[in-house]
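First to last, the protein sequences are chains A and B.
Going by this note's numbering, the letters in the first sequence line up with residues 1 to 281, in that order.
Going by this note's numbering, the letters in the second sequence line up with residues 282 to 500, in that order.
The block underneath contains the structure these notes are about, expressed in structure tokens.
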Amino acid sequence: MSANVVSMRDALYEAPGPKTRRRVKIGTAVSIVALIALLAFVIRQFYINDQLNPRYWSFFARWTTWRFLLTGFLGTLRVAFTAGIIAMALGLLLMLGRISSVKPLSAVCHVITDLFRSLPSLLLIYFFFLVIPKYGLKMPSFWMITVPVALAASGVLAEVFRAGVNAVPKGQTEAAMSLGMTHGKIMAKIVLPQALRIVVPSLISQLVVVVKDTTVAYVVSYPDLMQNARVLISNYDALVSMYFVVALIYIAINYATNRFSIYLAHRSGTKVISRTEENPV
Amino acid sequence: MGVAEVFTEFGDIYLQSVLSTWLMTAVCFAGGLLLGIVATVMRVSPLKPLRVVGDVYVQLFRNIPTVSLLVIFVYALPYLGATLPYRTCLIACVILIVSAFASENFMSGINAIGVGQIEAARSIGLSFTQIIRHVVIPQSLRTTVLPMTNLLIATLLTTAMGSQVPLKPPELTGMVNYVNSRSVAGISAFVVSAICYAGTSVVLGFLGNLLDKKVRIIR
Chain A
1 MSANVVSMRD ALYEAPGPKT RRRVKIGTAV SIVALIALLA FVIRQFYIND
51 QLNPRYWSFF ARWTTWRFLL TGFLGTLRVA FTAGIIAMAL GLLLMLGRIS
101 SVKPLSAVCH VITDLFRSLP SLLLIYFFFL VIPKYGLKMP SFWMITVPVA
151 LAASGVLAEV FRAGVNAVPK GQTEAAMSLG MTHGKIMAKI VLPQALRIVV
201 PSLISQLVVV VKDTTVAYVV SYPDLMQNAR VLISNYDALV SMYFVVALIY
251 IAINYATNRF SIYLAHRSGT KVISRTEENP V
Chain B
282 MGVAEVFTEF GDIYLQSVLS TWLMTAVCFA GGLLLGIVAT VMRVSPLKPL
332 RVVGDVYVQL FRNIPTVSLL VIFVYALPYL GATLPYRTCL IACVILIVSA
382 FASENFMSGI NAIGVGQIEA ARSIGLSFTQ IIRHVVIPQS LRTTVLPMTN
432 LLIATLLTTA MGSQVPLKPP ELTGMVNYVN SRSVAGISAF VVSAICYAGT
482 SVVLGFLGNL LDKKVRIIR
């Protein structure tokens, strides 16, 4: 994919002549200076507000800080993977229901899929945090964050699975039918095994959305990375450095996950289906 | 407390909160598109440093969780000499994140055009500006209608982060909190907010589909 990006970017321009080359050189120099100025301004803001003081950064050299953050990170992973697995199972069921020939079942699954796709995960979290307990159901904080995140993701995953099923050529279903296979058998033996392989990169890229959704776990006071960072902030009285470091950790994880899914898609010759590419609600 | 009672008691503030959610969505989406265009221009410019910065910018704001960015704006920036109102913080965060995804949409719209068309345009003597105006922009806009519709719906859902900071009036997700802290509304407040979100999404999705059918390029 990246090779394609570069070629299209470069294709927009003709091979530069001497005049253009000079202008590009000047533009490059000017933009580098502007970037350095911007960077200098940011560092200056940190400096004059005393945020570069070692007491805000030195504790990052201590193992205990990282161990505590790591504990939180494991909490994030636990929620993300559990939610991911539930979402996959539920998404698959919703998709199978939606493409089934039983009209009422198909309609119900369609509505549920679209509903989960059109509600913010935070609203679902508040539902499990504020509303459900009022009806006498006590849930541990782990499930109060995991279930709503899973529900929100299941709607998107149902659409991803459906795109995968649609990507399997129709001729294969027809061939299987002419061999006398039943609908269920065709789904289980012919279509699903191929569809699942097609959507593997998309499932992995969806993990990014799940990880992002787990960052509000502090609402239900579940100790994830963000929540543990908040504890460290009050322990060390160092807010700015901690919030920036945590943001960078999240960016690094999500970036790596995205790259991995693109790599897998590239290797298997498929496309990553994200929320932006499927049908709107 | 039933849905009807929620309306009689909190009807006014609910109306304000729906309007505020819609307004924030519109502002954030428009701002995100504009900033996304800037980022895209940087990414396709012939200047290497600008390309790198554009790419890094998009990767940063594509991958950062909204809450993580919001806490930096709300709690960290005051330490760095910039105290902004809560609503400004929220809108700025959502705009930054939306712009990264908007730029990705624009880039894939541009990439879908194909090198051959640019070469063809150049061989019939179109200048750079003409190529951009008559070949690149119209086509990339037409192919991005559906992704942008999804981005608009995602923007609507992202404004729910407003429930994490005190806003007046609260937006739709914050309303669930607001109503629940003032009465035993139970499920009603949740249902009202959910209907507002789902209804808005369905309408936006329908309009997007309609526009997409009109302008889609069959390749």
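By construction, the Cβ of each residue, glycine as well, lies at the ideal position given by its N, Cα and C atoms.
These figures come from a predicted structure and were not determined experimentally.
Using CA coordinates, which residue listed in B:THR425, B:VAL426, B:THR454, B:GLY335 is at the minimum distance from MET323 of chain B?
Your numbering for residue 323 of chain B matches position 42 in the second sequence. That would be B:GLY335, whose Cα lies nearest to the Cα of MET323 of chain B.
I need the DSSP call for VAL500 of chain B, collapsed to helix, strand or coil.
Residue 500 of chain B sits at position 219 when you count from the first residue of the second sequence. Before going further, note that residue 500 of chain B is Arg rather than Val in the sequence given. Coil, per DSSP.
If I measure Cβ to Cβ from VAL5 of chain A and keep anything under 6 Å in the same chain, skipping five residues before and after, which residues do I get?
Within the first sequence, residue 5 of chain A is the residue found at index 5, counting from 1. Only weak support exists for where VAL5 of chain A lies, its pLDDT of 48 falling under 50; the value from the coordinates is given anyway. Closer than 6 Å at Cβ, skipping near neighbours: no residue.
LEU315 of chain B to SER380 of chain B span [Cα, whole Å]
For this step, residue 315 of chain B is matched to residue 34 along the second sequence. For this step, residue 380 of chain B is matched to residue 99 along the second sequence. Cα to Cα, the separation comes out at about 7 Å.
Within-9 Å CB hit, GLN45 of chain A to chain B
In the first sequence, residue 45 of chain A corresponds to position 45, counting from 1. Answer yes: the Cβ-Cβ gap between GLN45 of chain A and chain B drops below 9 Å somewhere.
Using DSSP with H/G/I as helix, E/B as strand and the rest coil, what is LYS25 of chain A?
In the first sequence, the residue the question calls residue 25 of chain A occupies position 25. Three-state result, LYS25 of chain A: helix.
Any chain B beta carbon closer than 9 Å to ARG306 of chain A:
For chain A, the structure presents residues 1 to 281; residue 306 of chain A sits outside this window and is missing.
Per-residue contacts from MET226 of chain A into chain B (C-beta, under 9 Å)
Counting from one through the first sequence, the residue named residue 226 of chain A turns up at place 226. In chain order: PRO346, VAL348, SER349, VAL352.
Boundaries of the alpha helix (DSSP H) in which SER462 of chain B is found, first to last residue:
Position 181 of the second sequence, counted from the start, is the residue given in the question as residue 462 of chain B. First-last of the alpha helix (DSSP H) with SER462 of chain B: 453 to 463.
Output the boundary residues of the alpha helix (DSSP H) element that contains LEU92 of chain A.
The count along the first sequence starts at 1 and reaches residue 92 of chain A at position 92. It spans 63 to 98 - the alpha helix (DSSP H) in which LEU92 of chain A sits, taken as one unbroken run.
Go to LEU432 of chain B, then tell me how far its alpha helix (DSSP H) extends in each direction, as first and last residue.
Residue numbering aside, residue 432 of chain B sits at position 151 when the second sequence is read from its first letter. Here the alpha helix (DSSP H) through LEU432 of chain B covers 426 to 439.
Cα-Cα separation, LEU304 of chain B to PRO169 of chain A
Mapped onto the second sequence, residue 304 of chain B falls at position 23. Mapped onto the first sequence, residue 169 of chain A falls at position 169. The alpha-carbon atoms of LEU304 of chain B and PRO169 of chain A are separated by roughly 44 Å.
Considering just the uninterrupted stretch of the alpha helix (DSSP H) at SER274 of chain A, what are its terminal residues?
Stepping through the first sequence from its first residue, residue 274 of chain A is reached at position 274. First-last for SER274 of chain A: undefined, no H or E at that position.
Please check if any C-beta of chain A sits within less than 9 Å of the C-beta of THR410 of chain B.
Along the second sequence, read from residue 1 onward, the residue named residue 410 of chain B stands at position 129. False, the Cβ-Cβ gap to chain A never drops below 9 Å.
For VAL102 of chain A, name the three-state secondary structure that DSSP assigns.
Here the question's residue 102 of chain A lines up with position 102 in the first sequence. It is coil, neither helix nor strand.
Fully enclosed by the region 211 to 239 of chain A, which alpha helix (DSSP H) runs are 4 residues long or longer?
225 to 236
Amino acids of chain A, ordered along the chain, whose beta-carbon sits closer than 8 Å to that of LYS329 of chain B:
Stepping through the second sequence from its first residue, residue 329 of chain B is reached at position 48. Simply THR28.
Along chain B, in chain order, which residues have C-beta atoms closer than 9 Å to that of THR215 of chain A?
As a working mapping, residue 215 of chain A is identified with position 215 in the first sequence. Simply PRO346, THR347, VAL348, SER349.
Given a cut-off of 9 Å, decide if GLY312 of chain B and PHE382 of chain B are closer than it, judged by their beta-carbon atoms.
Translated into positions along the second sequence, residue 382 of chain B becomes position 101. Translated into positions along the second sequence, residue 312 of chain B becomes position 31. Not a contact, by the Cβ cut-off of 9 Å.
Roughly how many angstroms lie between the CA atoms of VAL79 of chain A and ALA150 of chain A, to the nearest whole one?
Here residue 79 of chain A is taken as the residue at index 79 of the first sequence, counted from 1. Here residue 150 of chain A is taken as the residue at index 150 of the first sequence, counted from 1. So the two alpha carbons sit approximately 9 Å from each other.
Taking contact to mean 3 or more Cβ pairs, one atom from each stretch, closer than 8 Å, check whether the region 148 to 167 of chain A and the region 89 to 101 of chain A are in contact.
yes
Let's see if you can read the secondary structure: which residues bound the alpha helix (DSSP H) around ASP336 of chain B?
As a first step, residue 336 of chain B must be located in the second sequence, where it is residue number 55. That run of the alpha helix (DSSP H) goes 329 to 344.
Could you check whether the Cβ of LEU239 of chain A sits closer than 9 Å to any Cβ belonging to chain B?
Within the first sequence, numbered from 1, the residue matching residue 239 of chain A stands at position 239. So, interface residue.
If you measure from the beta carbon of TYR222 of chain A to each beta carbon in chain B, is any gap under 9 Å?
The sequence position of residue 222 of chain A within the first sequence is 222, counting from 1. Not closer than 9 Å to any Cβ of chain B, the Cβ of TYR222 of chain A fails to qualify, so no.
Rounded to the nearest angstrom, what separates LEU427 of chain B and CYS477 of chain B at their Cα positions?
Start at 1 with the first residue of the second sequence, and residue 427 of chain B comes out as number 146. Start at 1 with the first residue of the second sequence, and residue 477 of chain B comes out as number 196. So the two alpha carbons sit approximately 22 Å from each other.
Report all residues from its chain with a CB closer than 7 Å to the CB of SER2 of chain A; omit the five preceding and five following residues, and keep chain order.
Walking along the first sequence from the start, residue 2 of chain A turns up at place 2. Note that SER2 of chain A has pLDDT 45, beneath the 50 cutoff, so the model's placement of it is unreliable and no number is given.
Looking at the structure shown, is GLN51 of chain A part of a helix, part of a strand, or coil, going by DSSP?
By 1-based counting over the first sequence, the position of residue 51 of chain A is 51. If DSSP states are grouped into helix, strand and coil, GLN51 of chain A belongs with coil.
Using a 10 Å radius around the Cβ and a threshold of 16 neighbouring Cβ atoms, would you call GLU452 of chain B buried or exposed?
Residue 452 of chain B sits at position 171 when you count from the first residue of the second sequence. Answer is buried; the Cβ neighbour count reaches 16.
Report yes if the C-beta distance between SER118 of chain A and ILE434 of chain B is below 9 Å; otherwise report no.
Along the first sequence, read from residue 1 onward, the residue named residue 118 of chain A stands at position 118. Along the second sequence, read from residue 1 onward, the residue named residue 434 of chain B stands at position 153. Going by C-beta atoms, SER118 of chain A is nearer than 9 Å to ILE434 of chain B.
Are the region 122 to 141 of chain A and the region 191 to 199 of chain A in contact at 8 Å, needing three or more beta carbon pairs?
no
Would DSSP call GLY164 of chain A helix, strand or coil?
Taking the first residue of the first sequence as 1, we reach residue 164 of chain A at position 164. Three-state result, GLY164 of chain A: helix.
Terminal residues of the alpha helix (DSSP H) in which GLU286 of chain B lies:
Position 5 of the second sequence, counted from the start, is the residue given in the question as residue 286 of chain B. Run containing GLU286 of chain B: 284 to 325, per the alpha helix (DSSP H) assignment.
For VAL240 of chain A versus ALA285 of chain B, is the C-beta spacing smaller than 9 Å?
Position 240 of the first sequence, counted from the start, is the residue given in the question as residue 240 of chain A. Position 4 of the second sequence, counted from the start, is the residue given in the question as residue 285 of chain B. No, these two residues do not count as a Cβ contact at 9 Å.
Could you list which residues in chain D have their beta carbon closer than 8 Å to that of LEU341 of chain B, in chain order?
No chain D is present in this structure, whose protein chains are A and B.
Backbone secondary structure at VAL6 of chain A - three-state DSSP
Numbered from its first residue, the first sequence carries residue 6 of chain A at position 6. At VAL6 of chain A the pLDDT is 49, less than 50, meaning the model places this residue with poor confidence and gives no usable figure here.
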